[in-house]
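Per full-length UniProt numbering, the very first residue in the sequence shown carries number 11; after that it's consecutive.
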Amino acid sequence: DSGDEGDAGVAVQTRTRTKRPPLYKVMLLNDDYTPMEFVVHILERFFGMTHAESFEIMLTVHKKGVAVVGVFSHEIAETKVTQVMDFARRHQHPLQCTMEKE
Ligand code: TYC
């Protein structure tokens, strides 16, 4: 910066706002047909949960109808949903997995 103003030629730094990218909740929905063990397997395989954690979350979905199984960037969340939906479809289970902006 320069000129005949009052800053005596000193460059003035402006603050740049850094915005964090939005996060997405990945959710599993209950249904009457998908076997409990299959859901537990999905949680272990795609969400890195222990068997005990997986069983607990599966029961929450079974009892409450839905549960958040993880929070990720948009791209990772989309990948998880696709992996779960493809795996369920291949095994002919009606399991539903969705994502929602946090
Ligand atoms: N309700 C299913 C049953 O009784 C089990 C189940 C749990 C299905 C979680 C889907 O996301 C789910 N076999």
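Note that CB positions come from ideal geometry on N, CA and C, so glycine has one too. Since we're looking at a predicted model, the values are computed, not measured.
Proximity of the segment 88-105 to the segment 31-43 meets the contact definition, three or more beta-carbon pairs being nearer than 8 Å. Under the 10 Å beta carbon count, Ser83 is surrounded by fewer than 16 other beta carbons and is classified as exposed. Distance from the Cα of Ile86 is smallest, within the candidate group Thr24, Arg99, Gly19 and Pro31, for Pro31. Going by DSSP, Met59 is part of no beta strand (DSSP E) at all; its letter is neither H nor E. DSSP places Thr108 within a strand segment (E or B) once states are collapsed to three.
Per DSSP, reduced to three states, the secondary structure at Leu33 is coil, with no helix or strand assignment. A heavy atom of ligand 1 is found nearer than 7 Å to the CB of Thr44.
Remark: the C-beta of Leu38 is in contact range of ligand 1, defined as less than 7 Å to any heavy atom.
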